[in-house]
Structure formats: C-alpha cells, structure tokens
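Enquirer:
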Amino acid sequence: MAVSDGELTQMFEHVLKLSKVDATQSVAILKAHYSNPRTVRAAMEAAQRLGAKTYAVELPAFNAQVAMGNDMTAYCGDTALTGNLAAQRALEAADLIIDTMMLLHSPEQEQILKTGTRMLLAVEPPEVLARMLPNEADKARVMAAEAVLKQARSMTVRSRAGTDFRAALGQYPAVTEYGYADAPGRWDHWPSGFLFTWPNEETAEGTLVLDVGDIMLPFKTYCRERVTLEIEKGFITRIHGGFEAEYLRDYMKYFNDPEVYGISHIGWGLQPRAQWTAMGLHDKNDGMCMDARAFYGNFLFSTGPNTEVGGKRKTPCHMDIPLRNCDVYLDDKAVVLAGDVVAPAASIAR
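Those letters in the sequence shown? Residues 0 to 349, per numbering that gives the first Met the number 0, in order.
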C-alpha cells in the first residue's frame with residue numbers, strides 16, 4: 000500500500016525522536032541526484048517540526064569505473080565525498096546526519112562518526128520504511144543478542160542443506176543495527192534489526208551452502224539451485240554448483256582482487272517484520288532490500304572488506320548472503336535453530 004507524504008513525515012518524526020533529536024540539535028540531510036525526493040522532504044520537515052537546526056548537503060554524481068549496476072552496496076570504496084573536505088566538515092558540524100545516498104563502507108563515514116556525529120541511513124522505499132518502523136522493542140531484542148555475541152569466542156553454523164561453517168571470534172567488535180541512532184558516534188540504518196561481527200583473521204573454515212530460496216545480494220536474486228562455497232583460512236577457495244555458481248565465480252573474478260574472497264561479517268536476523276518474500280515484490284532498483292538482511296532467524300554472512308572495524312582488507316566487492324533454515328551456535332550454545340531464534344530469551348520476538 001502507498002504511504003502518503005504526511006505519513007512519511009510522521010514516520011521520520013517518530014524515528015528522529017528515538018534518535019534523540021530536539022531543539023538543541025542540528026540535523027544535516029545528505030543527498031544526491033538519485034536520493035528519493037520524498038524521503039529528503041520528509042526528513043527535512045520532520046527535523047524542523049522537532050525544532051532542530053536543519054540543512055542539506057548535496058553531493059555530485061559519482062561512478063566508480065569498476066562498479067556494475069546501480070545497487071548502493073555493489074561497490075565499496077571512493078564516494079562523492081572522497082577528497083571533498085569542505086563537505087565533510089559541513090557534515091561533521093551536525094549532531095545527526097540523515098544519509099539518503101549511502102556512504103556505508105567509506106573511510107569518510109568512519110571519520111565523521113569519530114567526531115561524535117550520529118548517522119542514520121534511510122534509502123528504502125517508503126512502504127518498507129513503514130512496515131519496519133523501529134521501536135524500542137527492536138532495540139531490546141538486538142541488544143540482548145549483542146550481550147551474548149560479545150562474550151562468544153566461536154561461531155558454528157550448520158544446515159540440512161550441507162552448511163558446516165565455523166570461525167573464532169573476539170578480534171573484532173559486535174555491531175548492532177536496530178533502526179535509529181541514539182548515541183554519539185552511532186551509525187544505524189532504518190529499517191534493520193540484526194547484528195553481526197567478523198571472524199578472527201584466517202579462522203573461518205568449512206562449507207557454506209546456499210540452498211534453493213536463499214538470497215544473493217547485490218544481485219537481488221533467489222537461488223534456484225544449490226551453490227557451495229568452500230572456506231579455508233578465512234577465504235572462499237572454491238565455488239561450485241550449476242549456473243548460479245558460475246555466475247558468482249565470474250562476478251567475483253571480474254574485480255581481479257584476491258581480497259574479494261575474504262569472509263566479512265557474520266551474524267543473524269532479529270526483525271520479525273522483515274520478510275524473506277518481500278524482495279520478489281520490488282524492482283531491483285528499489286533500495287537495498289533490507290528485508291533480506293534482517294528477516295527473523297536468518298544467518299547473514301558477507302564477503303569482502305573489513306576496514307570499517309580496523310581490518311586491512313579493502314576491496315570494492317561486497318556481497319551479503321542471507322541463508323534460511325540454519326542452526327547458529329555461539330560457543331556451542333544455540334541462538335538460532337532451523338531458522339528460528341531460540342536464545343537469548345530477550346531476543347525472541349513475542
């Protein structure tokens with residue numbers, strides 16, 4: 000169903016209140032030519048309703064030579080903000096930035112966050128924003144799971160499809176996404192509702208099997224056959240299966256960079272309002288498909304860069320791959336069984 004402009008503004012007002020915006024705050028709207036104009040207007044009006052000092056920063060078009068397609072997550076590296084110190088300083092002056100163009104995985108974003116400025120990414124269609132409008136219960140579920148993940152020293156993932164994957168943990172922090180930015184230096188994404196960490200270097204081992212119905216992003220496709228990834232010392236060493244395995248092999252090979260095969264973040268979904276089926280109802284250019292990343296009980300793993308948490312793997316190719324029907328164990332204690340969240344109790348959707 001369509002969301003009116005008035006409803007969209009009310010939704011932004013709700014999320015900005017959760018993000019601690021009031022008359023003492025300044026809010027910058029970061030936009031580009033491809034930003035959704037309705038989102039930009041609603042964010043601006045909502046911030047003004049709350050009395051915040053509001054302004055916009057518009058950056059020019061930027062297209063990396065190796066980028067394929069328009070998906071915002073398909074290329075990591077330089078952005079329109081790279082080298083534009085004046086624009087970066089204008090953004091750092093804000094208490095909160097509403098990002099409608101996507102700076103994720105850029106060094107400039109990390110530099111901005113270190114100043115204490117908060118950031119909230121909002122690039123999904125209004126109807127998706129409405130269905131997954133965040134609330135305090137979303138945060139409580141994610142934070143309960145984070146408390147367990149932060150203490151864990153290993154993750155094991157298995158499935159009936161054949162996944163048998165393990166990694167040591169502790170070298171890198173746990174990261175949470177619950178839909179609003181309510182603390183200094185926090186980045187978040189509306190909509191979301193999941194958490195993840197990164198394997199210790201060279202410890203990810205085993206097999207990851209993409210089963211029929213699992214999702215490959217940024218392709219935004221459902222697998223129609225099984226694809227098997229063999230992992231050794233933190234890197235994908237073999238991809239086998241049918242056509243979809245061949246497609247994935249050729250896509251990753253195109254970047255001519257061994258770092259693209261590294262296993263990046265690993266975690267699980269905790270958003271009951273996110274739907275595995277939603278991707279099939281949208282065009283490929285409709286946002287980032289956060290439903291796929293956040294749906295309840297998925298196991299989400301990614302490939303490529305880890306520089307955002309202090310790692311050394313900088314590569315332009317980043318993929319997110321959520322799997323269904325997996326068992327996820329932290330230190331041999333189950334948190335997800337057959338695609339259903341079972342622990343900790345406070346992270347189970349009621």
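All residues carry an ideal CB built from backbone N, CA and C; glycine is no exception. In this text, all values refer to a predicted model and were calculated from it rather than measured experimentally.
(1) With DSSP run on the structure shown, which of helix, strand or coil describes arginine 165?
(2) Measuring CB to CB, does valine 259 end up less than 8 Å from cysteine 316?
(3) Based on the DSSP output, what are the partners of proline 183 in its beta bridges?
(4) Could you check the C-alpha separation between leucine 80 and proline 36 for me, to the nearest Å?
(5) On the DSSP letters alone, give me the boundaries of the beta strand (DSSP E) that phenylalanine 298 sits inside.
(6) Inspect the CB distances between the stretch 175 to 193 and the stretch 112 to 127 and report whether three or more fall short of 8 Å.
(7) With which residues is isoleucine 230 paired in a DSSP beta bridge?
(8) Counting only the same chain and skipping the five closest in sequence on each side, list residues whose C-beta sits under 8 Å from that of glutamate 135.
(9) Within 10 Å of its beta-carbon, does lysine 332 have 16 or more other beta-carbons around it, so buried, or fewer, so exposed?
(10) Pick out whichever of Glu243, Gly261, Gly338, Tyr328 has its Cα sitting closest to the Cα of tryptophan 275.
(11) Among Pro257, Leu207, Asp77, Gly266, whose alpha-carbon lies nearest the alpha-carbon of glycine 358?
(12) Please give the ranges of any beta strand (DSSP E) in the stretch 27 to 66, keeping only runs that are unbroken, at least 3 residues long and fully inside the region.
(13) I want to know whether the stretch 214 to 234 touches the stretch 320 to 327 - three or more CB-CB distances under 8 Å.
(14) Leucine 95 bridges to which residues according to DSSP?
(15) Check for me: the alpha helix (DSSP H) holding tyrosine 253 runs from which residue to which?
(16) Quick check on tyrosine 33: buried or exposed, where buried means 16 or more other Cβ atoms within 10 Å of its Cβ?
(17) Please return the same chain residues whose Cβ sits closer than 7 Å to the Cβ of threonine 114, not counting the five positions on each side in sequence.
(18) For the stretch 258 to 330, list the alpha helix (DSSP H) runs that are entirely contained and at least 4 residues long, ordered along the chain.
(19) Can you tell me which of Phe193, Ala160, Phe164 puts its alpha carbon nearest to the alpha carbon of serine 153?
(20) Threonine 175 and isoleucine 265 look like a contact to me (Cβ under 8 Å); what is the Cβ gap, rounded to whole Å?
(21) Sort Ala344, Glu224, Trp267 by Cα distance to phenylalanine 193 and report the nearest one.
(22) Taking the alpha carbon of lysine 232 as the point to measure from, which residue in Gln170, Ala166, Val56 has its own alpha carbon closest?
(23) Please report the residue range of the alpha helix (DSSP H) in which valine 334 lies.
(24) What's the call for serine 158, buried or exposed, on a 16-neighbour Cβ count within 10 Å?
(25) So is valine 14 buried or exposed if we call it buried at 16+ other beta carbons inside 10 Å?
(26) Report yes if the CB atom of phenylalanine 234 is closer than 8 Å to the CB atom of threonine 314, and no otherwise.
(27) State the DSSP-derived secondary structure class of leucine 194, mapped to helix, strand or coil.
(28) Quick check on DSSP: helix, strand or coil for isoleucine 111?
(29) Under a Cβ-count criterion, where at least 16 other Cβ atoms within 10 Å of its own Cβ denotes burial, should methionine 67 be classed as buried or exposed?
(30) Whose C-beta lies closer than 7 Å to the C-beta of glutamate 200 among residues of the same chain, with five residues either side of it excluded?
(31) Rank Ala144, Ala93, Arg48, Cys325 by C-alpha distance to the C-alpha of threonine 116 and give the top, closest one.
(32) Given a cut-off of 8 Å on the beta-carbon distance, is the pair glutamate 245 and cysteine 222 in contact?
Expert: Reading from the atomic positions:
(1) Arginine 165 falls in the strand class under three-state DSSP.
(2) Yes; because the gap between Cβ atoms is below 8 Å, this pair is in contact.
(3) In the DSSP output, where bridge partners are listed per residue, proline 183 has none listed.
(4) The alpha-carbon atoms of leucine 80 and proline 36 are separated by roughly 20 Å.
(5) For phenylalanine 298, the enclosing beta strand (DSSP E) stretches over residues 298 to 302.
(6) In short, these stretches touch, since the Cβ pair count reaches three.
(7) Isoleucine 230 has Gly205, Ile235 as its beta-bridge partners, per DSSP.
(8) Here the set comprises Leu17.
(9) It counts as exposed.
(10) Checked all of Glu243, Gly261, Gly338, Tyr328; the closest Cα to tryptophan 275 is Gly338.
(11) Here the chain has residues from 0 to 349 only, and residue 358 is not among them.
(12) The qualifying runs are 52 to 57.
(13) They touch, by the three-pair rule.
(14) According to DSSP, leucine 95 bridges with Val26, Arg117.
(15) Residue range 242 to 253 is occupied by the alpha helix (DSSP H) that includes tyrosine 253.
(16) Using a 10 angstroms sphere on the CB of tyrosine 33, the tally of other CB atoms stays under 16, which defines it as exposed.
(17) The beta carbon of threonine 114 sits closer than 7 Å to the beta carbons of Glu91 from its chain, once the five residues preceding and following it are set aside; these are given in chain order.
(18) If we require 4 residues or more, the alpha helix (DSSP H) runs fully inside the stretch 258 to 330 come out as 289 to 293.
(19) Of the listed residues, the one whose Cα sits closest to serine 153 is Phe164.
(20) Wrong, their Cβ atoms sit about 14 Å apart, outside the cutoff.
(21) The residue with the shortest Cα to Cα distance from phenylalanine 193 is Trp267.
(22) For lysine 232, the closest C-alpha among the options Gln170, Ala166, Val56 is that of Ala166.
(23) If you look at valine 334, you'll find it isn't in any alpha helix (DSSP H); it sits in the beta strand (DSSP E) that goes 332 to 336.
(24) Serine 158 is buried by the Cβ-count criterion.
(25) In the assembly as shown, valine 14 is a buried residue. Its beta-carbon has 16 or more other beta-carbons within 10 Å.
(26) Using a Cβ distance threshold of 8 Å, phenylalanine 234 and threonine 314 do not count as a contacting pair.
(27) Strand.
(28) Per DSSP, reduced to three states, the secondary structure at isoleucine 111 is helical.
(29) It is exposed - the Cβ of methionine 67 has fewer than 16 other Cβ atoms within 10 Å.
(30) Once the five neighbours on either side are set aside, the close Cβ partners of glutamate 200 are Gln170, Gly233.
(31) Per the Cα distances, Ala93.
(32) It is not a contact, given that the beta carbons lie outside the stated cut-off.
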